[in-house]
Amino acid sequence: MPEPSQLGDLAMLIAKNGKQFIIRLDPDLQLQTHRGVLQHEHLIGLPWGTTVASHIDHEFLMLQPTLRDILLHTKRQSQIIYPKEIGYILLRLSIGPGVQVVEAGTGSGALTTALAWAVGPQGMVYSYDRRGDMLQLAGRNLERVGLRERVELKQLDIEAGFTEQGIGSLFLDLPHAHRYLRQTREAMADGGILGVILPTANQVSRFLSELEGKLFALPEVCEIMLRFYKPNPQRLRPTDRMVAHTGYLVFARAVRG
Ligand SMILES: C[S@@+](CC[C@H](N)C(=O)[O-])C[C@H]1O[C@@H](n2cnc3c(N)ncnc32)[C@H](O)[C@@H]1O
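See below:
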């Protein structure tokens, strides 16, 4: 039997018009919306999936947010990596409980959040950004969802290299990623996995050219397309619009000479 909601849990409240709110349950707080106020103390202890009413009787469905929900609520000042790419990145970099992973740049911290979620309390994410304002935003985003302790945020330019050694999984999401391949390879364990996201095909070509001769092998290039359907059993068909392009993903393995 799933546990009912508890103090400190993240909860997602969904209004009838689809608007979503993610909160951390705290008996001293209230959620204020255009459709009325919900006291957290009235939500604690309810089974997930319950419909609750605001003080002016507007209904909200209460669910535990998934990682995807949390990522879509990331407060952003930069382009973020979207859940459709993040799912494959976690798989491809073999991110799981206890893993130590390095990423640059941190940006708003969407990928950081997913990495921190996946490595669990025994793992660690080392996240680099040269901009202090981005690290502060990412820190707040991580704090809000209770994952801050799993991340070491580092205000450094990776031009100067990484301070970690022997890293098994490393991801780059920053301009001119091809310029940092030497520093990246030096931080990685032999056999480690490198991933990068690039916005244009010509940047992928440039990145692949630079990979050559830098102790990386087995390059893979892909893009992730995700098509949603209107969930109408009588008229099942794709939604009218889709996000056609976000970025290209490139992965490669670090090898010995
Ligand atoms: C597109 S954002 C990363 C978004 C992030 N992956 C996310 O999902 O929210 C790129 C970040 O790289 C940082 N950056 C650019 N060049 C850098 C460098 N040489 N070293 C460290 N950070 C860098 C920028 O400051 C920016 O915050």
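My numbering applies: residue 1 is where the sequence shown begins, and numbers increase by one.
Even glycine gets a Cβ: it sits at the ideal position worked out from N, Cα and C.
- The beta carbons of ILE86 and ALA116 sit no closer together than 8 angstroms.
- Taken in chain order, the whole beta strand (DSSP E) runs of length 3 or more contained in the stretch 155-184 are 167-172.
- The stretch 7-26 makes contact with the stretch 55-65: 3 or more CB pairs, one atom from each, lie closer than 8 angstroms.
- For the pair ARG76 and SER127, the CB atoms are not nearer than the 8 angstroms cut-off.
- For ALA138, the enclosing alpha helix (DSSP H) starts and ends at 132-144.
- Within 10 angstroms of the beta-carbon of MET134 lie 16 or more other beta-carbons, which makes it buried.
- Scanning HIS176, ALA189, THR200 for the CA closest to the CA of GLU210 turns up HIS176.
- By the CB criterion at 8 angstroms, ALA254 and LEU218 fall outside the cutoff.
- DSSP lists VAL37 as the beta-bridge partner residues of GLN32.
- Distances taken from the Cβ of ARG237 to the heavy atoms of ligand 1 include none shorter than 7 angstroms.
- Closer than 7 angstroms to some heavy atom of ligand 1: that describes the Cβ of GLU159.
- Between VAL250 and GLU220, the C-beta spacing is below 8 angstroms.
- A straight line joining the alpha-carbon of ASP28 with that of GLU152 spans about 30 angstroms.
- PRO65 sits in coil when the DSSP states are folded into three classes, being neither helix nor strand.
- For TYR88, the uninterrupted alpha helix (DSSP H) segment begins and ends at 83-92.
- Distances taken from the Cβ of THR66 to the heavy atoms of ligand 1 include none shorter than 7 angstroms.
- By the Cβ rule, the stretch 1-10 counts as touching the stretch 31-47, because three or more pairs are nearer than 8 angstroms.
- In the structure shown, the three-state DSSP call for VAL204 is helix.
- Placement of the Cβ of THR106 at a distance of less than 7 angstroms from at least one heavy atom of ligand 1 is found.
- Across the set GLN203, ASP173, PHE216, VAL145, the C-alpha of ASP173 shows the shortest separation from the C-alpha of VAL102.
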